[in-house]
Amino acid sequence: MSGETVEIPVEVEVTPEKYGTLRSVNVVSEDNIPLELDTQEWRLEAISVESHVRDQIDVRGVDETTTVGVVRVDPETLNWEYIEK
1 MSGETVEIPV
11 EVEVTPEKYG
21 TLRSVNVVSE
31 DNIPLELDTQ
41 EWRLEAISVE
51 SHVRDQIDVR
61 GVDETTTVGV
71 VRVDPETLNW
81 EYIEK
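Counting in full-length UniProt numbering, the sequence shown runs from 1 upward without gaps.
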């Protein structure tokens, strides 16, 4: 990666449901895109790391909403990597 990277937290949100517990992986939405990634050159809409998180972490074992890592994004190229916390 080149230059300064931007770190975006990755969170597993745990929500009780009527027939069990829903665990969703949240990274970035259009409402909270860092300014460094929303420029004239780039219009970042989403980064999907759900499969990476589920491959590395037993998401079913997460009992409370928690931050599980960060996504580091190069604002010049939008190359990214997931770093487990």
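Beta carbons are placed, not taken as given, at the ideal position from N, Cα and C, and that holds for glycine.
Identified DSSP bridge partners for residue i
i: Gly61; result: Answer is none; Gly61 lacks a bridge partner.
i: Pro16; result: Thr21
Cβ-based burial, residue i [other Cβ within 10 Å; buried from 16]
i: Gly20; result: exposed
i: Leu44; result: buried
i: Pro34; result: exposed
Collapsed DSSP secondary structure at residue i in the structure displayed
i: Met1; result: With a pLDDT of 47 at Met1, under the threshold of 50, the modelled position of this residue cannot be trusted; read the value that follows with caution. Three-state result, Met1: coil.
i: Leu22; result: strand
i: Val73; result: strand
Within 7 Å, strictly: CB atoms of residue i and residue j
i: Val70; j: Val12; result: no
i: Trp80; j: Ile57; result: no
Enclosing beta strand (DSSP E) for residue i [first to last residue]
i: Glu84; result: Trp80 to Glu84
Residue i - containing alpha helix (DSSP H), residue span
i: Asp55; result: Glu50 to Gln56
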